[in-house]
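Input: a single structure, listed below in structure tokens.
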Amino acid sequence: MAFNGFTTSTISFLNDLALNNNKEWFEARRDIYETHVLQPMRDLTTDLEVCIKSIDPFIETTPAINKTISRIYRDTRFSKDKTPLRNDLWISFRRPNKEWGNVPEFYFYFTPEEYQFGMGFYCASPANMAKIRDHIDGRPDLFKPIVDFYESHDDFTVGGEEYKRTISNDYPESFRKWIQKKNLYVNTTRQLDDLFFSSRLKEELEKAFTNHADLYRFISEGIHRR
1 MAFNGFTTST
11 ISFLNDLALN
21 NNKEWFEARR
31 DIYETHVLQP
41 MRDLTTDLEV
51 CIKSIDPFIE
61 TTPAINKTIS
71 RIYRDTRFSK
81 DKTPLRNDLW
91 ISFRRPNKEW
101 GNVPEFYFYF
111 TPEEYQFGMG
121 FYCASPANMA
131 KIRDHIDGRP
141 DLFKPIVDFY
151 ESHDDFTVGG
161 EEYKRTISND
171 YPESFRKWIQ
181 KKNLYVNTTR
191 QLDDLFFSSR
201 LKEELEKAFT
211 NHADLYRFIS
221 EGIHRR
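All letters in the sequence shown, in the order written, are residues 1 to 226 by full-length UniProt numbering.
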């Protein structure tokens, strides 16, 4: 099925789940979850495959839970919060990797209040971030157009935790905020709007992912350099 947008039932279900966060309540209403939450996520994942594969043919795009789609049951083993289910969900496109977050990924994330989308390298290892800095050092000519793009657009937030210690470099100020990052993401956040409930959401995500493709490729080239 083609993606036609999420529905008001999607959000109603997630709001009700927040008030009834237990396995018995959920299992009695699993059909609502599968129809109004999971199936639209599968459809959206399927419809985004061509765009994602055009950026990186090695990215996983199978529209399935634990492949690209988040589980609704939470892993509570190491969490103080023992509520069994989540009411925030996401789609994540990345190369298969045992270390979650240590490869760059494209994502779409939503809650009952808002949705976010972009490209992130959230749990980047120090070794991988060092490789990216080396890549910047070796190919500033490739990195400058990427920096210039984000400097000239205010519809994305460039974020990530920064090192407290200043990393020495001789590049202009526009480069420094990138070089200081421990991890990195470029993100757009919106309150739920008409687009969220429309098939046009797919086109908006394709546009954003394509805009982030050069940064994604630069990061990937850096961490896979020998």
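Every residue gets a Cβ at the ideal spot worked out from N, C-alpha and C, and that includes glycine.
Going by beta carbon distance, what residues of the same chain come within less than 6 Å of residue i, once the five residues before and after it are set aside?
i: Pro112; result: Ile11, Leu14, Asn15
i: Phe106; result: Phe93, Met119, Phe209
i: Phe143; result: Ile136
i: Asn87; result: Leu14, Leu17, Ala18
So, for residue i: in the same chain, excluding its five sequence neighbours on each side, which residues have a beta-carbon less than 7 Å away from its beta-carbon?
i: Tyr73; result: Pro84, Leu85
i: Thr68; result: Thr45, Glu60, Thr61, Thr62, Ile91, Ser92, Phe93
i: Ile55; result: Phe209, Ala213, Tyr216
i: Leu205; result: Leu48, Phe108, Phe117
In or out: residue i buried (at least 16 other Cβ within 10 Å) or exposed?
i: Ala208; result: buried
i: Tyr185; result: buried
i: His135; result: buried
i: Ser94; result: Residue identity check: residue 94 is Arg in the sequence provided, not Ser. Arg94 should be labelled buried.
i: Phe3; result: buried
i: residue 239; result: Nothing in the structure corresponds to residue 239, since the chain is present only between 1 and 226.
i: Trp25; result: exposed
i: His212; result: buried
i: Val50; result: exposed
i: Arg165; result: exposed
i: Lys181; result: buried
i: Arg132; result: The residue asked about is misnamed: residue 132 is Ile in this sequence, not Arg. Label assigned to Ile132: buried.
i: Phe78; result: exposed
i: Ser168; result: exposed
Between which two residues does the alpha helix (DSSP H) carrying residue i extend?
i: Arg200; result: 200–211
i: Phe175; result: 173–179
i: Phe196; result: Looking at the DSSP string, Phe196 is not in any alpha helix (DSSP H), and its letter there is neither H nor E.
i: Thr7; result: From DSSP, Thr7 is part of no alpha helix (DSSP H); its letter is neither H nor E.
What does DSSP give as the partner residue(s) for residue i in the beta ladder?
i: Phe93; result: Phe106
i: Val158; result: Val186
i: Ile72; result: Partner(s): none; Ile72 has no beta bridge.
i: Leu85; result: Tyr73
Could you pull the start and end residues of the beta strand (DSSP E) that residue i belongs to?
i: residue 298; result: Examination of residue 298 is not possible in this model, given that the chain is present from 1 through 226 alone.
i: Arg190; result: 184–191
i: Phe117; result: 114–121
Enumerate in chain order the residues of its own chain whose CB-to-CB distance from residue i is below 8 Å, with the five nearest sequence positions on each side excluded.
i: Val147; result: Ser174, Phe175, Trp178
i: Ile52; result: Ile59, Thr61, Phe93, Phe106, Phe209
i: Thr189; result: Glu114, Tyr115, Gln116, Thr157
Using a threshold of 6 Å, is the CB atom of residue i nearer than that to any non-hydrogen atom of the ligand NAP?
i: Tyr122; result: Within the structure as shown, the ligand NAP is missing, as the structure has no ligands at all.
* Counting only runs that start and end within the segment 123–147, where is the alpha helix (DSSP H) found for 4 or more residues in a row? -> Fully enclosed alpha helix (DSSP H) runs of 4 or longer: 126–138.
* To do: Mind listing, in chain order, the continuous alpha helix (DSSP H) runs of no fewer than 4 residues lying wholly within the segment 41–66?
  => Within the segment 41–66, the alpha helix (DSSP H) runs of at least 4 residues that lie entirely inside it are, in chain order, 49–55.
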